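Trainee: In short: position in the sequence shown from 1, add 11, done, that's the working numbering.
Before we start, here is the structure in question, set down as structure tokens.
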Amino acid sequence: MSERQGRRILLVVGGGIAAYKALELVRLATKAGIAVTAVLTEAGARFVTPLSLQALTGERVYQDLWSLTDESEMGHIQLSRAADLVVVAPATADLLAKLAAGLAPDLASTLLLATDKPVLAAPAMNVRMWEHPATVANRELLRGRGVRFVGPDEGEMACHEWGPGRLAEPAAILAAIEAELAAGAALAGRHVLVTAGPTQEPIDPVRYLGNRSSGRQGYAIAAACAALGARVTLVSGPVSMAGPSCVKLVRVETAAEMLAACEAALPADAAICAAAVADWQVAAPATEKLKKPQTPMLSLVPTPDILATLAAAGPSRPPLVIGFAAETNDVVRNATEKRRLKRADWILANDVRPETGIMGGAHNAVTLITGEGAETWPDMPKEAVAARLADRIATALRAS
Ligand code: C5P
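Okay, structure coming up:
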């Protein structure tokens, strides 16, 4: 099984006044969870420094085809293939011409010839260069070979001329990158619904019943499915984390709100119930704050079971419904029984005794229980559990 480590682009920064915008692009991309390996052309290095790119990517920057360290640490073939997408921004007339002609005099052009990954070019050049028949022919040739283009924008250029040739805005380039990454991905075209975090069931306007769930595993699953190209709706109880990028985050407080948000999000190809839903709610929450010295008697009633509701047979049942079973004893036996009772397709069982450090922690050790049996995964970071689960979901949906 492929253990995906997230999305990565190889960014070739060509030489042009717009190269400074590549820095903003790197900032946006890394913020969106996309790792960036940067390659700077000789001309590009006249406009931005390798140090700036290194600081923003958090990785070393590659510049020289002939440097022994570049080659010994990572050969150019490997460098060109370790990413999911090659992005050229700014793509100068010179870089486009080299690629069209198959010339490879430097590291950037060599990588562009050697790569087996899709190439997205964000051109930036003077309007006359953009409209020159040579550039027009080159870009048509490259389009025909599958190179995608974003921009250029039309407007006033650094040289004070007007017309098409300005580098597309970094946010627009990022959107094109996201679309390219999603198009070839294993969950492209799928809608995945994820629940995460605790629920809070009101006692009165200021107090609630809740639990210690951090939401971390559910958020990681939402991010991992989005990284494989899924459209993700993440229905989350109150947590302190920001929502992952490229995910539709629906914030709720109570189990009833969570169920309503899930039902509103249907249809979905898969539903993953990772939320630690409160098991009980107060039958009639007080409308005014309860006052001491009386001790209130709370009358509790069960909350709706979201997993069981989503998994119940019906036209809107997602083809794959997955639940979690947090257990402190007889983990696999109890979780297998839970799978049967709730009619879930899969259950991820975990041992949440305090000494395991799983509840609220960074790691998780799960057993995946399917119709075929139980499969125990080694202890790993919650993000790795999420990536592995997303891969399994993609495989199962492909087969269904
Ligand atoms: O019944 P129990 O809480 O042990 O089941 C855990 C699984 O059921 C989890 O996947 C959880 O998200 C889901 N669940 C739910 N709604 C509830 C209770 C649990 O979706 N009210």
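Backbone N, C-alpha and C fix where the C-beta goes; we use that ideal spot for every residue, glycine too.
On a predicted model such as this, the values are computed, not experimentally measured, just so you know.
Taking a contact to mean a Cβ-Cβ separation below 7 Å, would you say Val98 touches Thr126 in this structure?
Mentor: Along the sequence shown, one-based indexing puts residue 98 at 87. Along the sequence shown, one-based indexing puts residue 126 at 115. It is not a contact, given that the beta carbons lie outside the stated cut-off.
Trainee: Going residue by residue through the segment 129 to 159, where are the continuous beta strand (DSSP E) segments of at least 3 residues, counting only ones entirely within it?
Mentor: Whole beta strand (DSSP E) segments, 3+ residues: 130 to 134.
Trainee: Is it buried or exposed, Leu2, if we count other Cβ atoms within 10 angstroms and call 16 or more buried?
Mentor: Residue 2 falls outside the range modelled here, since the chain spans only 12 to 411, and no answer is possible.
Trainee: Give every residue of the same chain whose Cβ lies closer than 7 Å to the Cβ of Thr206, excluding the five residues on either side of it in the sequence, and list them in chain order.
Mentor: The sequence position of residue 206 within the sequence shown is 195, counting from 1. So the list reads Gly229, Val246, Met269, Cys273, Cys284, Ala285, Ala286, Ile317, once near-sequence residues are dropped.
Trainee: Could you check the C-alpha separation between Glu14 and Gly240 for me, to the nearest Å?
Mentor: Stepping through the sequence shown from its first residue, residue 14 is reached at position 3. Stepping through the sequence shown from its first residue, residue 240 is reached at position 229. Here Glu14 scores only 37 on pLDDT, less than 50, and its place in the model should not be relied on; the value that follows carries that caveat. Going from the Cα of Glu14 to the Cα of Gly240 covers about 16 Å.
Trainee: Using the C-alpha atoms, what's the distance from Ala295 back to Lys42?
Mentor: The residue given as residue 42 occupies position 31 in the sequence shown. The residue given as residue 295 occupies position 284 in the sequence shown. So the two alpha carbons sit approximately 43 Å from each other.
Trainee: Kindly identify the DSSP beta-bridge partner or partners of Met391.
Mentor: On the sequence shown, position 380 is the one that residue 391 refers to. The partner list for Met391 (beta bridge, DSSP) reads Asn375.
Trainee: List, from N- to C-terminal side, the beta strand (DSSP E) runs of 3 residues or more that fit wholly inside the segment 230 to 305.
Mentor: Whole beta strand (DSSP E) segments, 3+ residues: 242 to 247, 258 to 262, 281 to 284, 291 to 293.
Trainee: Taking the DSSP output, what are the residues bridged to Asn361?
Mentor: As a working note, residue 361 is residue 350 in the sequence shown. In DSSP, Asn361 forms a bridge with Ala337, Val377.
Trainee: Tell me, please, which residues DSSP counts as bridged to Glu172.
Mentor: Locating residue 172 in the sequence shown gives position 161, counting from the first residue. Its beta-bridge partners do not exist; DSSP assigns none.
Trainee: How do the segment 388 to 402 and the segment 254 to 263 stand: do at least 3 beta-carbon pairs fall below 8 Å, yes or no?
Mentor: Flag = no, the segment 388 to 402 and the segment 254 to 263 do not touch.
Trainee: Determine whether the beta carbon atoms of Thr339 and Thr265 lie at a separation below 7 Å.
Mentor: In the sequence shown, the residue the question calls residue 339 occupies position 328. In the sequence shown, the residue the question calls residue 265 occupies position 254. Not in contact: Thr339 and Thr265 (Cβ atoms no closer than 7 Å).
Trainee: Nearest to Leu39 by alpha carbon, out of Ala169, Arg328, Glu180, Arg139?
Mentor: Taking the first residue of the sequence shown as 1, we reach residue 39 at position 28. Residue Glu180 is the option with its Cα nearest to Leu39.
Trainee: With distances taken Cα to Cα, identify the nearest neighbour of Ala186 among Phe160, Ile333, Ala94.
Mentor: To locate residue 186, count along the sequence shown from 1; it is residue 175. Nearest option by C-alpha distance: Phe160.
Trainee: Quick one: Cα of Gln89 to Cα of Leu408, how far?
Mentor: In the sequence shown, the residue the question calls residue 89 occupies position 78. In the sequence shown, the residue the question calls residue 408 occupies position 397. Approximately 31 Å, taken between the alpha carbons.
Trainee: Might you give, ordered along the chain, the residues of its own chain that have their beta carbon closer than 7 Å to the beta carbon of Ser327, omitting 5 neighbours on each side?
Mentor: The count along the sequence shown starts at 1 and reaches residue 327 at position 316. Once the five neighbours on either side are set aside, the close Cβ partners of Ser327 are Leu277, Pro278.
Trainee: Report the rounded CA-to-CA distance for Val158 versus Leu331, giving the unit in angstroms.
Mentor: The residue you call residue 158 lines up with position 147 of the sequence shown. The residue you call residue 331 lines up with position 320 of the sequence shown. Using only the alpha carbons, I get a separation of about 36 Å.
Trainee: Taking any heavy atom of the ligand C5P as the mark, which residues have a C-beta closer than 5 Å to it, listed down the chain?
Mentor: Ordered along the chain, the selected set is Cys284, Ala286, Val288, Thr314, Asp316, Ile317, Leu318, Gly334, Phe335.
Trainee: Quick check: what's the CA-CA separation for Val263 versus Ala237?
Mentor: Numbered from its first residue, the sequence shown carries residue 263 at position 252. Numbered from its first residue, the sequence shown carries residue 237 at position 226. For Val263 and Ala237, the distance between alpha carbons rounds to 21 Å.
Trainee: Can at least three beta-carbon pairs, one atom from the segment 340 to 348 and one from the segment 380 to 395, be found at a separation below 8 Å?
Mentor: Touching, yes, given that three or more Cβ pairs across the two stretches are closer than 8 Å.
Trainee: Under 7 Å, do Lys353 and Gly334 count as touching if we go by C-beta distance?
Mentor: Translated into positions along the sequence shown, residue 353 becomes position 342. Translated into positions along the sequence shown, residue 334 becomes position 323. It is a contact, given that the beta carbons lie within the stated cut-off.
Trainee: So, using beta-carbon positions, are Leu131 and Ser91 closer together than 7 Å?
Mentor: Working through the sequence shown from its first residue, we reach residue 131 at position 120. Working through the sequence shown from its first residue, we reach residue 91 at position 80. Against a cut-off of 7 Å, the Cβ pair of Ser91 and Leu131 comes out as no contact.
Trainee: Look at the alpha carbon of Gln74 and the alpha carbon of Phe58, and state the distance between them as a whole number of angstroms.
Mentor: To locate residue 74, count along the sequence shown from 1; it is residue 63. To locate residue 58, count along the sequence shown from 1; it is residue 47. Their Cα atoms are separated by approximately 14 Å.
Trainee: Please classify Gln305 as buried or exposed, where buried requires at least 16 other C-beta atoms within 10 Å of its C-beta.
Mentor: Locating residue 305 in the sequence shown gives position 294, counting from the first residue. Flag for Gln305 reads exposed.
Trainee: For Glu189, which of helix, strand or coil comes out of DSSP?
Mentor: For this step, residue 189 is matched to residue 178 along the sequence shown. Helix, per DSSP.
Trainee: Do Ile45 and Arg18 have their C-beta atoms within less than 7 Å of each other?
Mentor: Here residue 45 refers to the residue found at position 34 when the sequence shown is read from its first residue. Here residue 18 refers to the residue found at position 7 when the sequence shown is read from its first residue. Yes, Cβ-Cβ distance for Ile45 and Arg18 is below 7 Å.
Trainee: Hey, Ala102 and Gly166 are a contact pair by Cβ (cut 8 Å); roughly how many whole angstroms apart?
Mentor: Here the question's residue 102 lines up with position 91 in the sequence shown. Here the question's residue 166 lines up with position 155 in the sequence shown. So it is not a contact: roughly 17 Å between Cβ atoms.
Trainee: If you draw a straight line from the C-alpha of Leu36 to the C-alpha of Ala49, how long is it?
Mentor: For the purposes of this step, residue 36 is taken as residue 25 along the sequence shown, with counting starting at 1. For the purposes of this step, residue 49 is taken as residue 38 along the sequence shown, with counting starting at 1. Each residue's Cα considered, the two are about 11 Å apart.
Trainee: For Ala322 and Val342, which I take to be in contact (beta-carbon distance under 8 Å), what is that distance rounded to the nearest angstrom?
Mentor: By one-based count along the sequence shown, residue 322 stands at place 311. By one-based count along the sequence shown, residue 342 stands at place 331. Not a contact, Cβ separation roughly 20 Å.
Trainee: Tell me which residues share the same chain as Glu53 and place their Cβ nearer than 6 Å to its Cβ, disregarding the 5 neighbours each side in the sequence.
Mentor: Position 42 of the sequence shown holds residue 53. Closer than 6 Å at Cβ, skipping near neighbours: no residue.
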